[in-house]
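One structure is given below, encoded as structure tokens.
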Amino acid sequence: MAELIYYCGTMDSGKSTLALQTAHNHQQRGRGGLIFTSQDRAGAGKISSRLGLTSPAIEVLPGFDIHKFVVEKLSMGERIDYVICDEAQFYQPEQIEQLARIVDGLGIEVYAFGILADFRTKLFPGSARLVELADRVSTLQVEALCWCGSRATHNARTVGGVMVTEGEQVVVADVDSSAEVAYEVLCRRHHMRGVTARNSRAGHVSHDALPFNQM
């Protein structure tokens, strides 16, 4: 039976690489499918991996009906054996429900890839709905590492290298970036203390109000 599977992890844990590998594996067996994404750092309509892999994809915008789109493609005779959804944390909850309908009503496998929690440690709405509806939720086995060498479990937003915990939930940027606003993956201990790679070297700890008590 078809399933809705959610592969999740922090930034820099290989989600997009696995999405592209999954598509490749199906294509090598002559299976047809659709690839969706939302707000990829490489721009609209693309999936990009930090290993340098890229693929065209269908951009999922607010209000886009994924189920209707798939039904229309099927009605035109297109073969769809699987659906891949990258950056699924950015999808609206109703779009996640549409993915479940694709699995249950159309018998098509759906593989979703995304980040569970934002820089404030709060679940993205799309990820929360996936956890509620998915047949399986699988944590990616490739471990991203904090600057201290421990397993990274949290995503941090930095401004000038200093961790912040306030602002819009979605701001597209990248890890290991020289931009003023960037992201960094941290272990829980250093996320709770607001210690990024840059300010650890300077002996500085963020004084922003964290979403939990300081340790």
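For the sequence shown, the working numbering assigns the number 1225 to the initial residue and increments by one for each residue that follows.
Backbone N, C-alpha and C fix where the C-beta goes; we use that ideal spot for every residue, glycine too.
The structure presented is a predicted model; accordingly, all values stated were derived computationally and were not measured.
Under 7 angstroms, do residue i and residue j count as touching if we go by C-beta distance?
i: Thr-1377; j: Arg-1412; result: yes
i: Phe-1337; j: Lys-1239; result: yes
i: His-1291; j: Gln-1252; result: no
i: Val-1409; j: Asp-1236; result: yes
i: Ser-1351; j: Glu-1311; result: no
i: Ala-1268; j: Ile-1259; result: no
i: Pro-1317; j: Pro-1349; result: yes
i: Ile-1332; j: Val-1307; result: yes
i: Ala-1358; j: Thr-1234; result: no
i: Arg-1303; j: Gly-1256; result: yes
i: Leu-1354; j: Ile-1320; result: yes
i: Ser-1345; j: Met-1387; result: Reading the sequence as shown, one finds Thr at residue 1345 and not Ser. No, the pair does not count as a contact, with Cβ atoms beyond the cut-off.
i: Tyr-1315; j: Val-1295; result: no
Go ahead and pull the three-state DSSP assignment for residue i.
i: Thr-1363; result: strand
i: Gly-1257; result: strand
i: Val-1307; result: strand
i: Ala-1406; result: strand
i: Ala-1433; result: Here the model assigns Ala-1433 a pLDDT of 41, short of 50, so the residue's position is not dependable and the matter cannot be decided.
i: Met-1439; result: Residue placement at Met-1439 is poorly supported in this model, since its pLDDT is 41, which falls under 50; the coordinates still yield a value, given next. Looking at Met-1439 - three-state DSSP - the assignment turns out to be coil, as it is neither helix nor strand.
How many whole angstroms separate the CB atoms of residue i and residue j, which I take to be in contact at a CB cut-off of 8 angstroms?
i: Arg-1381; j: Val-1395; result: 7 angstroms
i: Ala-1341; j: Asn-1379; result: 7 angstroms
i: Leu-1242; j: Leu-1364; result: 7 angstroms
i: Cys-1309; j: Val-1334; result: 7 angstroms
i: Arg-1417; j: Gly-1385; result: Not a contact, Cβ separation roughly 15 angstroms.
i: Ile-1282; j: Gln-1313; result: Not a contact, Cβ separation roughly 17 angstroms.
i: Cys-1232; j: Val-1366; result: Their Cβ separation, rounded to whole angstroms, is 12 angstroms, which puts Cys-1232 and Val-1366 out of contact at 8 angstroms.
When every heavy atom of the ligand ADP is checked, does at least one fall within less than 6 angstroms of the C-beta of residue i?
i: Leu-1277; result: The ligand ADP is not among the ligands present in this structure, which contains no ligands whatsoever.
Practice item. Give a yes or no on contact between the stretch 1326-1341 and the stretch 1228-1241, applying the rule of three or more CB pairs nearer than 8 angstroms. Key: yes
Point to revise | 4 or more residues per run - each alpha helix (DSSP H) lying fully within the stretch 1320-1389 | key: 1349-1357
Check your understanding: Of all the alpha helix (DSSP H) runs that stay within the bounds of the stretch 1269-1318, which reach a length of 4 or more residues?
Key -> 1290-1299
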